[in-house]
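Residue numbers (my numbering), protein chains in the order written: chain A, 39 to 339; chain B, 39 to 339.
Comments concern the structure below.
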């Protein structure tokens, strides 16, 4: 599984490139260029409703081979940086995601176990899990941890990150979600012991009640490649990669350069990490089993 | 586009083969064997909710490359053979078709222009068109004409068939449907003039307000091959083929023979008619145009 990153980070990066806030068409073009290059190589594309999802369908650039996962959340968060509250995107819903023909919905959720607002965040997961279940949509939840107190300024967040990611899996995976899109449970800039990283990933695996996949955040590609291999060996069922695959594209001068980069470097990177996931990962259906369809199923569906 | 035929005819044919009414698993096996062989070669499979649609997904045998169209109607009809009334399948709906992740819904509709029950049949099309629109599902309507009075016994139905098929397109295509799955507007056993057949197909084309595709009914494959070529040259946007591709499979002695036949003869037949449709047909998007997605589309969707 591979996909575009969520809209927020791309918007900020394009702003840097363009020297102005990206307009609607800049965002759409970036995502369509990526669909053209990558959707035939991916099991699914994750696109946002504002700039990518409908546009990729209407333009005919989403490969018939590719699934479509559409995000549900508003970019960013409300509240204090140490007590982040995620919101649903206005005028959007799991019902619309289903209606447009997508296969799954995704929630990016800021989450720090134990903080006061954690309960509010879990309620949002439960609410959207019920919405997705009513639509029979695959519900992918992407919890993103954050530092509190002096953890950021002291660099201490790296030390607590494994526990944050693992406890997050324990808190969120039982709430009716289908796939956990997890952060790598270590900071490769600090943690150098591969055995410990594998151990953290195995604890993550043991604490997730659903298949989990690894997200790329903004790490460089070679780090992500290591993360995918370690996570896959610990039980991950793939990856959902964004900036680690294509972040250099946001600093390219012309659209032609960017398109060339997508079709060469990014396709090759995707091939490399897909091979790792195929070689070492755990198929999601081995974890959840196949549904049993019995005669008369349609009446009760 | 290629797909299984609707359940009714298959059930009757399997009954002949098996010497007993086919049980649930016979029907499922037949359809799954076909999905395994053909879904990767087709733009979509048409499957019924009872025996094929959910089973093909749950078994993992529906290719990720293939769309899925699911039927809405009860097999057969109510009322007199000369005044046929189609019914929706009980406990089934466009909403369930959308919820299960299908791309389109299909209605097989017995229809004879001008008979008393024609208005009732058109009401059903309008009702289901509205249901599919609410779900943003592609709605495929397959009108099947029938003889009245002494047309069957005298063989006169062949003479009126072109007008029946063409008038049917005129009556049904404006009712909010997306694709007309049309009968070939001539009987190849009687009509031998290819110029006239092309002319009938062009009149059908001119009377359809939506893209149309050609159905195979139970004609032999070589006849269907001619029909696909002529219809494509007259403006058809493909075919939705059933028994013409695989009817011999229903008289084979073992499942192994049948599977072998699907993977060899049927795949080859599909290749042949796909090449004809590709060479001569009109892409559906040339007829309807691409939707325009403007900034803020998600709020009004």
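Ideal Cβ placement from N, Cα and C applies to all residues, glycine included.
Please read all numbers here as calculations on a predicted model, not as lab measurements.
Where does residue i land, buried or exposed, given buried means 16+ other C-beta within 10 angstroms?
i, result
"residue 134 of chain B", "buried"
"residue 289 of chain A", "exposed"
"residue 340 of chain A", "Past the edges of chain A, shown from 39 to 339, lies residue 340 of chain A, and the structure says nothing about it."
"residue 59 of chain B", "exposed"
"residue 145 of chain A", "buried"
"residue 313 of chain A", "exposed"
"residue 143 of chain A", "buried"
"residue 336 of chain A", "buried"
"residue 187 of chain B", "exposed"
"residue 150 of chain B", "buried"
"residue 281 of chain B", "buried"
"residue 129 of chain A", "exposed"
"residue 36 of chain B", "No answer is possible for residue 36 of chain B: it lies beyond the span of chain B, which begins at 39 and ends at 339."
"residue 294 of chain B", "exposed"
"residue 56 of chain B", "exposed"
"residue 258 of chain A", "exposed"
"residue 172 of chain B", "exposed"
"residue 132 of chain B", "buried"
"residue 169 of chain B", "buried"
"residue 111 of chain A", "buried"
"residue 234 of chain A", "exposed"
I need the DSSP call for residue i, collapsed to helix, strand or coil.
i, result
"residue 235 of chain A", "helix"
"residue 179 of chain B", "strand"
"residue 107 of chain B", "strand"
"residue 327 of chain B", "coil"
"residue 226 of chain B", "coil"
"residue 191 of chain A", "helix"
"residue 338 of chain A", "helix"
"residue 173 of chain A", "coil"
"residue 46 of chain A", "helix"
"residue 130 of chain A", "coil"
"residue 349 of chain A", "The structure shown does not extend to residue 349 of chain A, since chain A is modelled only from 39 through 339, so no value can be given for it."
"residue 155 of chain B", "coil"
"residue 168 of chain B", "helix"
"residue 57 of chain B", "coil"
"residue 163 of chain B", "helix"
"residue 317 of chain B", "helix"
"residue 66 of chain A", "helix"
"residue 51 of chain B", "helix"
"residue 333 of chain B", "coil"
Please say whether residue j and residue i have beta carbons closer to each other than 7 Å?
i, j, result
"residue 200 of chain A", "residue 181 of chain A", "no"
"residue 163 of chain B", "residue 216 of chain B", "no"
"residue 260 of chain B", "residue 103 of chain A", "no"
"residue 328 of chain B", "residue 96 of chain A", "yes"
"residue 108 of chain B", "residue 75 of chain B", "no"
"residue 83 of chain B", "residue 106 of chain B", "yes"
"residue 79 of chain A", "residue 308 of chain A", "yes"
"residue 275 of chain A", "residue 322 of chain A", "yes"
"residue 206 of chain B", "residue 273 of chain B", "no"
"residue 115 of chain B", "residue 62 of chain B", "no"
"residue 153 of chain B", "residue 185 of chain B", "no"
"residue 203 of chain B", "residue 221 of chain B", "yes"
"residue 123 of chain A", "residue 178 of chain A", "no"
"residue 54 of chain B", "residue 113 of chain B", "no"
"residue 85 of chain A", "residue 94 of chain A", "yes"
"residue 266 of chain A", "residue 210 of chain A", "no"
"residue 253 of chain B", "residue 278 of chain B", "yes"
"residue 213 of chain B", "residue 167 of chain B", "yes"
"residue 219 of chain A", "residue 268 of chain A", "no"
"residue 291 of chain B", "residue 245 of chain B", "no"
Per DSSP, what are the beta-bridge partners of residue i in this structure?
i, result
"residue 123 of chain B", "B:116"
"residue 146 of chain A", "A:180"
Is residue i near the ligand NAD, in the sense that its beta carbon is under 6 Å from a heavy atom of that ligand?
i, result
"residue 256 of chain A", "With respect to the ligand NAD, the structure shown offers nothing to examine, as it has no ligands at all."
I'd like the ranges of any beta strand (DSSP E) spanning at least 3 consecutive residues and lying wholly in the stretch 195-222 of chain B.
Entirely contained in the stretch 195-222 of chain B, the beta strand (DSSP E) runs reaching 3 residues are, in chain order, 217-220.
Runs of beta strand (DSSP E) wholly within the stretch 228-315 of chain B (minimum 3 residues, chain order): 250-253
query = Where are the beta strand (DSSP E) runs, 3 residues long or more, that stay fully inside the stretch 73-99 of chain A, in chain order?
reply = You should have 82-85.
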